[in-house]
Amino acid sequence: MAERYDPGAVESKWQRRWEEAGLNRVDIDGAERPFYNLMMYPYPSAEGLHVGNVYAFTGADIHGRFKRMQGLDVFEPIGFDAFGIHSENFALEKGTHPMELIPQNIANFTRQLKQLGFMYDWGRMVDVTQPEYYKWTQWIFLQLFKGGLAERRKAPVNWCPSCKTVLANEQVIDGHCERCSTLVTQRFLHQWFFKITDYAQQLLDNLEWIDWSESTKRLQRNWIGRSDGADIEFEIVGHPDKKLRVFTTRPDTLFGATFMVLAPEHPYVDEITTRERRAEVQDYVQRALAMDLVERKKAGEERQKSGVDTGAVAINPATGEEIPIWVADYVLMEYGWGAIMAVPAHDERDFEFAKGYRLPIRVVVIPADQYESFDPDAELEAAFTEHTEDEVLVNSGKFDGVPAAKAIKDITAWLEKEGRGTFAVNYRVHDWCISRQRYWGPPIPIIHCENCGVVPVPEDDLPVVLPYVENFKPDESGVGPLARSEEFLNVDCPNCGGVAKRETDVSDTFLDSAWYFIRYPSTDRHDLPFEPVRTKKWLPVDMYIGGEEHAVLHLMYSRFITMALHDLGHLPFEEPYHKFRKHGLIIREGAKMSKSRGNVVIPDEYVERYGADTLRSYLMFLGPYEEGGDFRDQGIAGISRFFDRVWDTVANSELADGPPETDELNHKLHATIKKVTEDLAGLQYNTAIAALMEYLNAVRAGGRRPRHSEVEPLIAMIAPFAPHLAEELWERLGNTPSVFSGANWPQYDAQLAVSEEVDIAVQVNGRFRATIKAPRGASEEEVRALALANEAVQRHLDGVEVRKTVFVSDRLINLLV
RNA sequence: GCGAAAGUGGCGGAAUCGGUAGACGCGCCAGCCUUAGGAGCUGGUGGCCUUGUGGCCGUGGGGGUUCGAGUCCCCCCUUUCGCACCA
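Count along the first sequence from 1, add 122, and you get the number used in the numbering used here.
And the structure:
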C-alpha cells in the first residue's frame, strides 16, 4: 500500500528537529560568509498573521534558504513592530491595556511564524516595546539632538481628530490619516522634528547607486521632489528695507511677471498692505487661515481661485515696471518662500487667477517657428507652459529670441550678476515630525526645566521607561496621556536640579523601525545599541524584501537615520540596504482582500488543510513575486498534487542507482538546475516552480520510475519552497543531516544544460511551414539541406527557386522565394 | 492634470539582444481505475474552416519598420499605482 504524503506529520517532525538542532541559529561572531537576509518585521495584530505577511516572508525566506544552500552563512532575523497608534487603538477598542495585549499577540504571531517554517534565528528576536530596545531608540534621539538634527519648534502640523495626535506628512494620504482615513486638520503646535531636509540631496543622490527596485526609487525621488530654479528678489515700493523673495523654476519668464502673490501667512502681508486695503485683506487672511489645510489644498480643483489686492506694489527687476502684490490662498507658505512671482501667460494657476481678477497677461515665450509672426496683442486662450529648446523668448528685452531652456540659465546668471537673484533648489520633502500625543511609544527623552529650558535626559539615565498608565486614552488637548502620570511628569532637572517636567510626547513608531535591523546582530548586548565589529561584519543588509507601501515612510526614514548615525560617527556606512526588492500585492479571485469584503485568506486554515509547504509554494506560484498574484482557491490543488507526486516518487519505490537513464533526461536535469538557480537568484519563483514541475513530469513520463540521481537534485531544489517536505525526502534518500546544513544546492554543467539536438523552425516567405530536427550548432548549409528535404517545405516551395535565406543558428531558417 | 507601469486562451500566468505565442498550473472534455469519490492515472484543450492531410485568423485598437513583431517606432483606448494649487 502506497504511503501518502501527510504534511502535518512531516512538518511538526522537522520543526521539532530544527529547533532541537539549533539549525537556524547563526554564529554571529564566527560566520565566515555572512549574508544578512532581512524582511520587514510585522506589526503583531490581534487578528494574527495576514496572508500578505505570509507572502512577503515566504519570498524572503526562500531567498535566504537558497543563499544558505549555496554555502553562505545566512542571518535571517525577525521582530515585532509592536509600538504605535495601530496597537494602541486596538487596545482601546478591546478595553485591554497594550502591555497585556501585545505579548499575547506576539505569542500568537510567533506560533504562526514557526508553523510556516521560516528560517528565523529566534534567539535574536526584537520587540520594540521592550525597554532594552527602546532605550536605544531614545539614545538615537539624543544623538540626533546633540548633532543638531532634532529640533523643537512651533509649526503648522497635521492633526488627526480621530487618532488625536499629529502626523508626519508622509502619514497623510490625500488629506486623510494613513491609519484611520479620517480627514486631517491643521494645528499650530510645538513639536519635535528631525531635520531630514538636511539630507534631501544625499537621499536623492544615493538612489543613483543603491540596488533597489526601480519603482521604489522613483517613489522616493518623487517624494523628495527636487526642483531647480532661482530665488529672485523684488523691491517693494515704499519699503526700501524689504525685499520680496520668491522661488521660481521659470526665471526665463521673469519679463512676463505681471503681479506678485503672497501666501496668507506671509509675514509681509501685514506690513505692506496699504491703509485703504487693510480691512479687506485682514478679512481675507482670517477666512483663509480658518480653513483646514486640506480644505485649502482641495480648493484648487473645486472652486475658483480667490485672493485680494494688498495695494502694495513691487518692481519687476527685469522690466522695471510696477506690479501689484496680491494675497491668495493658492500660494502655500510651506513651499519656497511663501510668495511667488505670477506669470499668468505661462502658468496655469496664475493664468486662472489673472483671468478671474482681470490682471494683465504678457506673453514672453512662444514656439520658435512663430517668432517672426508673433502678434503681441493676440489674446491667449490658455497658459503656454512649454519651455524647451523649441520655444524662444519675446517681450524680454535683450533675451528676445533666446531658447527658453537656455534663458532659464541666462536670466538667472544675469540676475546673479546684478545681485537680484541666484540659482536655487527647492525640495518637496519636509522635516519629519516625530512627536505623537499618544501613549504607546517610547517617551521622547527630554526634560523641560524652568531655568535651563530644553534639557536632554543624560544617556546614563536611559531608558526613560514608559510608565503603566491606566487611562491612556488620547484627548483633544494636544497633550499626550503621559502628562496624567504625576510620577512620570515631575522630575528634577539633570542640569540644575531644579523643578522640571518631562516631555510627554512619545516618538513616532517609524523611529522604532528606522533602526531595528541594526539592532538584530547585537540583541544580546545591553551595554550598547550595536556592537561595532558585528555591525561591520553584517551590515549593510545584503537583501531586504518588503512592501512598497513603505517607500516614503520606513524606507526613507531608515535611510535618513542611517546617514545621520554615519555622519555622527556611529556607523561605517551611509546606506542601510545594499539591495532592496519590493514584493507585489496579493489579491483574491480578482478582488482586493479586506475584512469588510470577508474574503481574507486565513493562513492557519490552509496550513491545517494542505500544510505550510503547500501554502508557501502556492503563494509563490500565483504570479511573479515582485508583482503579486491572484489567490484562487482551486489553484492550490495544483501544488498539492505536485507534492503528492514528489512524495510518491521518493517514498513509494526503490530508486535505481546509476546516472540519469537517458541523455535527454540528463540534459533536462541540467537545464532545470540552471533555470531554477537563475530564477531563484532573480526572485522569479513562479517560473522556477513551473520548471520543477516540468522536470518531474519528464522523469515520471509514461509511468516510469526515476533513478536516484534524477530525483535527488529535485528534492534539493524544492527545499527553499517546501523545506519540511524536502528534509523528509532528503533523509529518505539516505542523506544526513539536514539539507540546509551544507552547500547542497545542485550544480549544473553548462554544456549539458543544452541538448544536442534542436528543433529548427522553417519559414517560407516568413510563414511557418515546418519544424525540423538538427544537431545543435548546425551550419546554414546543413540546415538548409535538411529543410529542403522536408516534405511540407517542398510542397510550399513547389519547385520555385529559393532566392535568399535568413538563418538564425539553432532557431530558424527562412527561405525566401 | 503630471509621472510610471501594465493590457496575451474560460482563469492565474509563460515567452521580450525581434526568431515555432500560450510553458507550468487551474478549469473543462474524453477514456481508464474504483463499492464509492471534491481521490488517482492516461490523453486532449486559443478561435474558425476541414474527413484526413492541412489552411486561415489570433497577444487592447489603428498605422509603420522588418524576411519575420506579443517584443521596436508613432497615434489612440482601457486599467492600476504614485504625486497633485510644489510656483
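Virtual Cβ for every residue (Gly too), placed ideally from N, Cα, C.
| Check | Outcome |
| --- | --- |
| Residue closest to Asp243, alpha-carbon to alpha-carbon, out of Ile200, Cys299, Leu937 and Ile332 | Ile200 |
| Cβ-based neighbour list, Phe521, same chain, cut-off 7 Å, excluding 5 preceding and 5 following | Leu515, Ala529, Asp532 and Ile533 |
| C-alpha gap between Ile150 and Leu604, whole angstroms | 39 Å |
| Residue environment, Ala686, which counts as buried when at least 16 other CB atoms sit within 10 Å | buried |
| Distance CB(Val722)-CB(Leu238) smaller than 8 Å | no |
| Chain-order list of residues whose beta-carbon lies under 8 Å from that of Ala322 (same chain, five-residue window excluded) | Ile346, Arg348, Tyr549 and Val551 |
| Alpha carbon of Glu125 to alpha carbon of Arg246, nearest angstrom | 39 Å |
| Option nearest Asp940 by Cα separation, candidates Gly519, Gly523 and Ser518 | No answer is possible for residue 940: the residues shown for the chain start at 123 and end at 939. |
| The stretch 837-847 in contact with the stretch 894-905 per 3-pair CB rule at 8 Å | no |
| C-alpha gap between Leu777 and Ser739, whole angstroms | 26 Å |
| Three-state secondary structure (DSSP) of Asn936 | strand |
| Same chain, Cβ closer than 6 Å to Lys701, neighbours up to 5 away in sequence not counted | Asp333 and Met665 |
| DSSP state of Val613 mapped onto helix, strand, coil | strand |
| Whole runs of the alpha helix (DSSP H) within the stretch 272-300, excluding any shorter than 4 residues | none |
| Per-residue burial, Asp469 [other beta carbons within 10 Å of its own, 16 or more giving buried] | buried |
| Three-state class that DSSP yields for Ser877 in the structure shown | coil |
| 8 Å contact criterion, which Val601 and Thr626 should meet: CB distance rounded | 6 Å |
| Beta-carbon contacts of Asn774 that lie in its chain and below 8 Å, excluding the five residues immediately before and after | Ala124 and Glu125 |
| Supposed contact pair Leu675 and Phe743 - C-beta distance, whole angstroms, cut 8 Å | Between Leu675 and Phe743 the Cβ distance is about 30 Å, and since that is not below 8 Å, they are no contact. |
| Contact belief for Glu444 with Val359 at Cβ below 8 Å, rounded distance in angstroms | 6 Å |
| For Ala546 and Leu611, the rounded distance between their alpha carbons | 45 Å |
| Exposure label - Trp331; buried when at least 16 CB within 10 Å | exposed |
| Same chain only: Cβ atoms within 6 Å of Pro643, ignoring 5 sequence neighbours per side | Ile150, Arg656 and Trp660 |
| Cys285 versus Gln313: straight-line alpha-carbon distance, rounded | 16 Å |
| Residue from Lys427, Val449 and Thr771 with nearest C-alpha to Val435 | Val449 |
| DSSP-derived helix/strand/coil call for Ile566 | coil |
| C-beta contact flag for Trp136 and Glu834 at 8 Å | no |
| Closest residue to His648 among Pro253, Ser134 and Arg190 (Cα-Cα distance) | Pro253 |
| Burial state of Ser718, where buried means 16 or more other Cβ atoms lie within 10 Å | exposed |
| Contact under 8 Å by Cβ, Leu341 with Glu670 | yes |
| Proximal residues to Gly757 (C-beta, below 8 Å), its chain only, five neighbours per side dropped | Tyr740, Phe743 and Leu744 |
| Exposed unless 16 or more other CB atoms sit within 10 angstroms - verdict on Thr259 | buried |
| Any 3 or more C-beta pairs closer than 8 Å across the stretch 151-163 and the stretch 804-824 | no |
| Contact the stretch 199-213 vs the stretch 292-305: 3+ CB pairs below 8 Å | yes |
| Sequence-distant residues of its chain with Cβ nearer than 8 Å to Tyr987 (five each side left out) | The displayed coordinates of the chain run from 123 to 939. Any statement about residue 987 would go beyond what the structure contains. |
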